[in-house]
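What follows is a short report on a single structure.
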Amino acid sequence: MPESHTEPTVFLVDDDDAVRDALATLIGTVGLTVRDYPDSKTFLEGFDPGVIGCLILDVRMPQVSGLQLQEHLTQEGVDLPVIVITGHGDIDVCRRAFKGGAVEFLTKPVDELALLEAIGLGVRTHLARRSRLAATREAREAITGLTGREREVLRLIVDGASNKQAARVLGISARTVETHRASLFEKLGVDSLAQLVRVYLTSVGEGP
């Protein structure tokens with residue numbers, strides 16, 4: 001996955017020039033970078049999946065609809081939060097959009113405050129998601145650097161085993177377990193049992 005850019009960007013895909021221009025102007029007034037596209041194909045040609053931000057999609061567009069684009073991005077593993085807008089408040093379309101992971105569904109004419117709030121939610125969601133992914137990747141890399149025995153000791157510690165209990169399970173002395181435990185603290189850069197457990201849980205995608 002490409003490295004994330006720090007400047008949030010709002011992507012806007014709508015085939016109505018007037019609507020697209022108006023929304024781009026509105027979003028720009030709050031200091032956000034906006035990239036607008038007249039159709040899904042043009043968006044896909046210029047989209048960088050490493051960018052932090054959110055995507056505003058019009059439902060009804062020629063060739064590739066907003067929902068079809070949303071589904072395509074999901075299939076490709078793109079984690080960009082989506083805000084769906086439409087001129088038709090169709091409950092089935094709304095349900096499909098949310099089922100696809102949309103953070104908001106708005107009808108035209110779009111309420112400006114509601115849109116800006118949805119964009120804020122989308123950007124915050126994306127930042128938090130990328131932060132968790134980075135933490136998970138970092139924790140996995142750290143644990144990859146452990147020896148096989150150290151990983152065994154780590155799993156037992158996380159399961160709540162004492163040094164003596166871990167020693168019995170592994171058929172080694174409690175002193176040796178203590179040595180491995182000290183090595184774990186050093187290699188994983190932690191100074192408490194709680195931090196050790198957090199690194200492990202993060203590495204398996206169960207961290208906060």
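The sequence shown begins at 1 in the UniProt record's numbering and counts up by one.
Glycine included, C-beta positions come from ideal geometry on N, C-alpha and C.
Residue i and residue j: beta carbons closer than 9 Å?
i	j	result
VAL199	ALA139	yes
LEU188	ALA142	yes
GLY28	VAL19	no
LYS108	GLY122	no
LEU184	LEU170	no
ASP14	ILE119	no
GLN75	LEU57	no
Hey, quick one: how far does the beta strand (DSSP E) through residue i stretch, first residue to last?
i	result
GLY53	51-58
VAL84	82-86
PHE105	104-107
THR147	Note, THR147: premise wrong, no beta strand (DSSP E); not H, not E.
Should residue i be labelled buried (16 or more other beta-carbon atoms within 10 Å of its own) or exposed?
i	result
GLU7	exposed
LEU12	buried
VAL10	buried
ALA97	buried
THR202	buried
ALA194	exposed
May I have the straight-line CA-CA distance separating residue i from residue j, to the nearest angstrom?
i	j	result
PRO49	SER162	45 Å
ARG137	LEU146	15 Å
LYS164	SER192	19 Å
TYR37	ALA135	33 Å
GLU112	ARG181	55 Å
ASP16	ASP159	57 Å
Could you work out which residue in the options is closest to residue i when comparing CA atoms only?
i	options	result
LEU80	LYS164, MET61, GLU186 and VAL103	VAL103
ARG155	VAL204, ALA135 and VAL123	VAL204
HIS72	ILE157, LYS41, ASP92 and LEU26	LYS41
VAL82	VAL59, SER131 and GLY148	VAL59
Where do the ends of the alpha helix (DSSP H) carrying residue i lie?
i	result
VAL197	193-203
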